[in-house]
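*Asks:* Here the sequence shown is numbered in the UniProt record's numbering, starting from 1 and rising by one per residue.
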Amino acid sequence: MSEEKMDVDSEGLTSTLTKDSEDIEAMKRKYELKRKRLLEEEQRKQKEDLLSSDDDTDVSEMFLSAAQRRKEKAVRRALLKQVLVPTATRANDKEMELKRRKKDDEKKVEDAKKTLLEKHAEKRGIEDEIDPKEKQRQVEEEILENVTANSALMAVAEFAKGIVYTEPFTTGWRPPSHIRHQSESDFAAFRRRRGISVEGQSCPSPIGSFLEMKFPQCLLTALRKKGIKVPTAIQMQGIPVALSGRDMIGIASTGSGKTLTFALPMVMFCLEQEYSLPFQKGEGPYALIIVPSRELARQIYDVVTDLFDAFQGAGLPRLTAALCIGGVPVREQAQEFRSGGIHICVATPGRLSDMLSKKMFNLQICRYLVLDEADRMLDMGFEEEIKSIFSFFKDQRQTLLFSATMPKKIQNFAKSALVKPIVVNVGRAGAASLNVLQEVEYERNEEKLVRIMECLQKTSPKVLIFAERKIDVDNIYEYLLVKGVEVASIHGGKDQSDRHQGIEAFRRGEKDVLVATDVASKGLDFVNIEHVINYDMPEDIENYVHRIGRTGRSGKKGMATTFINRKADLSVMQDLKQLLVEAGQQLPAFLRELADEAEPIENDQGDEKGCAYCSGLGHRITNCPKLAGIQQKTIQTLVRAGGDEGMY
Ligand code: ADP
Ligand code: MG
C-alpha cells in the first residue's frame, strides 16, 4: 500500500470519529500527562533524599567505621543510578539482552555442528589450514562415538553397582620355554608373515603348532583325523590369547577356523575344572557359547562333543555339553541341565534368556563366555536378550567375540565392556574370503528362476542358494523340485524338525541343493559346497560376505554367483563393487559404469577404508544407509512414544 493512499485512508478515518471518542482520547492524554508528572516528582524526591542523606550530620554517623560508611555510600550510589536510569533505556536493555541470548543460542547450535578440530582451529585462528581429510575423519569419529555408547555387554547389576573388572584372568598355561625366550620383534615378524595384526596390552605370543600349544595327544590325534594338522592364522594367535585367560575380539574371514580357536581352550579349561572338582548334578555350565541360529548352535555342539569324546577315549573324565535352543521343548532341555553337571552350554539368545529367567539353570559358575558371530547377533536385534543374559553372571568371566565382519562400532563398545581385550585381526574385518571366485550377473526378476537351472551347471554339487524372502525360497524350492533336482529348503517359517532334517540331508550329501534364507548364512560349515548362488543381493554387504563364505572354507576353493538388477540398493551395489575390487575379482560392465558415476571413495590406510559403522567399502559413515535407517527408526519410536521431537 502506498504512503499516499495510507494518508488518505487515515484522514478518512479521523473524519468519521464521533465526538465521544474525541473526549475519551483527550481524557487519556490528560491522565497520561498526570501520571508522567507524578513519576517525575517521585524520582526527584528519591534523588533529593539520597543526596541529602549523604550530607546528613546524623549523630549515629559518628559511630560508623570508615569501611562501613564506604559500603553504605556504594549502596546508595547504586540505588541512585537505578532510579536515574530512564525507563526507556531499561526496556532497551531488556531487548538487547533478549537479542544477545538469541545470538548466543544460535552460536551454540553452530558450535555443535563444528568438529573439535574446527573449534580448535578457530581458537588458533587457522581455519583455512584444516585438511579436508582430517576434517572428514573428525566428523566420522564424532558420529561413531555417538553411536557406540552402548552397554549391551555389561551385566546390569555390575553396571548399577559400579563393579569394574580391571585385571584379566590368569591361568596356569604358559607357552613353551623356547617361545618365551623369543623377542617381541620375532613375534612381530611371525605375525607379519601370516597377516595377523594385534591390538591391546601385552599380547601373548603367537604359536605355530598345536603341539607347542600343549594340547594333549588325544586331542591332536582327533584333530589330525579330521585333516587338521597345522593351526590357521587366527588359531596361531587366538588360541594362546584364550589359553592365557585374556578377553578377545577375533576377526578372520569365513571358514578360517574360528570355532576351534575358542573351542580348544574351552575344553581344556573344562577338563581342568572337572579334575579339580568334579561337577555334581545341576552344576554348570562353566562355559557358555551364544550364537545367532539354532543350526549353528548344533554344529558347534557337535564340534565340542567330538573333542569331549576324544578325552573320554583316552581315559580322561567324561565331560558334558548341552544345547539351549528354540524349537525344542523347554522341559527336555531343562531336564538335561538338572540330571547332570553341564560343562558347556551352546545357546541361542532367546531360549537362553527365557530359561535363565525361569531359573531352569544359572550362570553362577560360568567363567568362559563366547559370542560367535557377535556382530550379526547384535545386528539381528538380539541386544535386549544379550543384555538380560549378562545380568545372570555372578562374577568376572573371560569374554571372547568372534566374527568375519566386526564393524568398528561393535569393536568399540565391546572394548569398553571387556577387560584389557586383545583384538586379533587376520585380514580386513568385513573382507570376503579370497578363496571364493565371485561372479555378479544382471538378471531381470522373471529370468532368475530359469537362470538358476543354468547356473547349477557351473559346478558339481553341493550348491547353496540364498534368497532374502521366505516366499522366494519356497518358489525356488518348488521350481527345482519340479525340474527333478535333489533339493532341500530351510527358513524361519518352517518347524524345527523340517529345518533339521533338511540341513542334515544336505550335510550328508543326500540332497544336492539347499535353498535358504539368511538363517543359514552365518557360521554354518558344510563340507564341499562348490557354489553359492545369491538369488538376490542382501540388503547388507556383511550378509553377502557371510553368504558367500559358506563356500571356499578351510583353504578350499569355491564359487559364488549373485543376481542383481535395478531393484538392488545403489549403496549396497557400491559396497559390492569395492568388495570385488578388494578381492581382485572381475567387475561386470554395469558395476564398472556405476563406479564412474559414484562419488570418489576416499581410501585411507588400513581399517579406515569404507564405512566405520557397517563393513561397507563403497561409502563412508557420513552417508551410511544402515545408520540412517536406524536413526530414522529411533526418531519414529520417539515420536510415537510422545518423545521430544525438538531434540532432533
Ligand atoms: P569359521 O568359524 O572361521 O567360519 P570354522 O571354524 O567353521 O570357520 O572352520 C571351517 C572349517 O575349517 C571346519 O570344517 C574346520 O574343521 C576346518 N578347520 C579348522 N581349523 C583347521 C585347520 N587348522 N586346518 C584345516 N582345517 C581346519
Ligand atoms: Mg564360525
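Quick reminder that beta carbons are idealized off the backbone N, C-alpha and C, glycines included.
For the ligand MG, is there any heavy atom lying closer than 6 angstroms to the beta carbon of Thr551?
*Replies:* no
*Asks:* To test your reading of the DSSP string, which unbroken beta strand (DSSP E) runs of 3 or more residues are found completely within the region 312-359?
*Replies:* 321-324 and 344-347
*Asks:* Should Val632 go down as buried or exposed, given a rule of 16 or more other Cβ atoms within 10 Å for buried?
*Replies:* Correcting the residue identity first, residue 632 is Gln in this sequence and not Val. Gln632 is exposed by the Cβ-count criterion.
*Asks:* Can a CB atom of chain B be found closer than 7 angstroms to the CB of Leu223?
*Replies:* Chain labels in this structure do not include chain B; a single protein chain is all it has.
*Asks:* Taking DSSP as the reference, what is the three-state secondary structure of Asp186?
*Replies:* helix
*Asks:* Report whether the distance from the Cβ of Lys258 to the nearest heavy atom of the ligand MG is below 6 angstroms.
*Replies:* yes
*Asks:* Skipping 5 residues on each side, what residues in its chain have a beta carbon closer than 7 angstroms to that of Ile325?
*Replies:* Arg294, Ala297, Ala347, Thr348 and Arg351
*Asks:* At the level of alpha carbons, what is the spacing between Ala431 and Thr171?
*Replies:* Answer to the nearest angstrom: the Cα atoms are 33 angstroms apart.
*Asks:* Taking the alpha helix (DSSP H) that Tyr479 falls in, what are its first and last residues?
*Replies:* Counting along the chain, the alpha helix (DSSP H) containing Tyr479 begins and ends at Lys470 to Val482.
*Asks:* Go through its chain and collect everything with a Cβ distance to Val487's Cβ below 8 angstroms, but skip five positions before and after it.
*Replies:* The answer, listed in chain order, is Tyr477, Leu480, Leu481, Lys511, Asp512, Val513, Leu514 and Val515.
*Asks:* Starting from Met236 and walking both ways along the beta strand (DSSP E), at which residues does that stretch end?
*Replies:* Run containing Met236: none in the beta strand (DSSP E); it sits in the alpha helix (DSSP H), Ala233 to Leu243.
*Asks:* So for Ala222, helix, strand or coil by DSSP?
*Replies:* helix
*Asks:* Is it the case that the CB of Gly555 approaches a heavy atom of the ligand MG more closely than 6 angstroms?
*Replies:* no
*Asks:* Less than 7 angstroms between the C-beta atoms of Met303 and Thr259, yes or no?
*Replies:* Going by the sequence as given, residue 303 is Val instead of Met. Their beta carbons are under 7 angstroms apart, which means Val303 touches Thr259 by this criterion.
*Asks:* Please tell me whether Leu243 and Pro265 are closer than 7 angstroms, where the distance is taken between their beta carbons.
*Replies:* yes
*Asks:* Report the partner residues of Asp372 according to the DSSP bridge assignment.
*Replies:* Phe402
*Asks:* Is any heavy atom of the ligand MG found at a distance shorter than 6 angstroms from the C-beta of Gly523?
*Replies:* yes
*Asks:* Starting from Ala560, follow the alpha helix (DSSP H) in both directions and report where the run begins and ends.
*Replies:* If you look at Ala560, you'll find it isn't in any alpha helix (DSSP H); it sits in the beta strand (DSSP E) that goes Gly558 to Ile564.
*Asks:* Determine the direct distance from the alpha carbon of His619 to that of Asn603, and round the result to whole angstroms.
*Replies:* Legend: pLDDT at Asn603 = 47, less than 50; position of this residue unreliable, value from coordinates given subsequently. Rounded to the nearest angstrom, the two C-alpha atoms are 10 angstroms apart.
*Asks:* In this structure, how does DSSP classify Tyr613 when only helix, strand and coil are distinguished?
*Replies:* Coil.
*Asks:* In chain order, what are the residue ranges of uninterrupted alpha helix (DSSP H) at least 4 long that sit wholly in the UniProt domain "Helicase C-terminal" (448-595)?
*Replies:* 448-455, 470-482, 496-508, 541-548 and 570-582
*Asks:* Given that a residue counts as buried once 16 or more other Cβ atoms are within 10 Å of its Cβ, and exposed if not, what is Asp247?
*Replies:* buried
*Asks:* Taking Ala417 as part of the alpha helix (DSSP H), name the residues at either end of that continuous run.
*Replies:* Lys408 to Ala417
*Asks:* Let me know if Ile300 comes out buried or exposed under the rule of 16 or more other beta-carbons within 10 Å of its beta-carbon.
*Replies:* buried
*Asks:* Output needed for Pro168: all residues of its chain with C-beta closer than 7 angstroms, excluding positions within five of it in sequence on either side, in chain order.
*Replies:* Listed in chain order, the non-local C-beta contacts of Pro168 below 7 angstroms within the same chain comprise Gly245, Arg246, Asp247, Val419 and Lys420, local neighbours out to five positions each way being set aside.
*Asks:* Can you tell me the Cα-Cα spacing of Leu434 and Ala583, whole angstroms?
*Replies:* 6 angstroms
*Asks:* Check Met266 in the structure and name its three-state DSSP category.
*Replies:* helix
*Asks:* In its own chain, which residues sit with a C-beta less than 8 angstroms from the C-beta of Arg376, not counting the 5 before and 5 after it?
*Replies:* Pro292, Ser403, Thr405, Lys522, Glu542 and His546
*Asks:* Sorted by chain position, which residues of the same chain lie with C-beta nearer than 7 angstroms to Arg444's C-beta, five sequence neighbours on each side aside?
*Replies:* Same-chain partners within the cutoff: Asn565.
*Asks:* For Ser197, report the span of its beta strand (DSSP E) as first-last.
*Replies:* Looking at the DSSP string, the run of the beta strand (DSSP E) that includes Ser197 is Ile196 to Glu199.
*Asks:* What does DSSP give as the partner residues of Glu441 in its beta bridges?
*Replies:* Phe563
*Asks:* Please say whether Ser197 and Asn425 have beta carbons closer to each other than 7 angstroms?
*Replies:* yes
*Asks:* Quickly, what does DSSP pair Asn425 with across the bridge? List them, please.
*Replies:* Answer by DSSP bridge pairing, in chain order: Ser197 and Ile251.
*Asks:* To which residues of the same chain is Trp173 closer than 6 angstroms at the C-beta, ignoring the five residues directly before and after it?
*Replies:* If we look at Trp173 and ignore the five residues flanking it on each side, its Cβ neighbours are Leu243.
*Asks:* How would you call Thr221, buried or exposed, if buried means at least 16 neighbouring beta carbons within 10 angstroms?
*Replies:* exposed
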